[in-house]
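Here this note's numbering = 1-based position in the sequence shown + 943.
Input: a single structure, listed below in C-alpha cells.
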Amino acid sequence: MIVSITGDPEPAECEKRAIRCSEVMAHPDANVLDELRKLIEANKVTPIVSQTFPLADAAKAHQQIETRHTRGKIVLRVADEPRR
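Right under this line is the structure:
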C-alpha cells in the first residue's frame, strides 16, 4: 500500500510496482486525531520522521518535500521542547 498526502498516486509508478492505486480524500477529524495521538503515546503506532526543521527553515522543508524522495514525515519545529 502507498499512502500519500502530497497528491494523487502516479499511475506509471503504480504500474511499475504492479500495484493497484486509488485516491481517498480524508478530512481532519479531532476525534480521529486524538485516537491517533493515544496510539502513538502507547507506542502502538510509530510515525516515521524523515527530517525535522526549525520553523525558520520552512522553505527548505518544503523543498525537501517537493523532491518526493523523503520517506516519512517532515516536521516543522515551532518551539524548543520545554525542559523537564
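Quick reminder that beta carbons are idealized off the backbone N, C-alpha and C, glycines included.
Length of the line joining the Cα atoms of Lys1003 and Lys1016
Computed Cα separation, rounded: 14 Å.
State the Cα-Cα distance for the pair Gln994 and Thr1010, rounded to the nearest angstrom.
Looking at the two C-alpha atoms, the distance is approximately 13 Å.
Report the residue ranges of all beta strand (DSSP E) runs contained in full by the segment 965-1022; include only those spanning at least 3 residues, in chain order.
992-997 and 1016-1020, all fully within the segment 965-1022.
For Leu998, which residues of its own chain have a beta-carbon under 7 Å away from its beta-carbon, when the five flanking residues on both sides are left out?
Correct list, in chain order: Leu1019, Arg1020 and Val1021.
Roughly how far, in whole angstroms, is the beta-carbon of Pro952 from the beta-carbon of Glu966, given that I think they are within contact range, below 8 Å?
Pro952 to Glu966, Cβ: 7 Å. Contact.
Got a sec, what are the start and stop residues for the alpha helix (DSSP H) Glu958 sits in?
Residues Pro954 to Lys959.
Do you know offhand how far Glu956's Cα is from His1012's?
Between Glu956 and His1012, the alpha-carbon positions lie close to 13 Å from each other.
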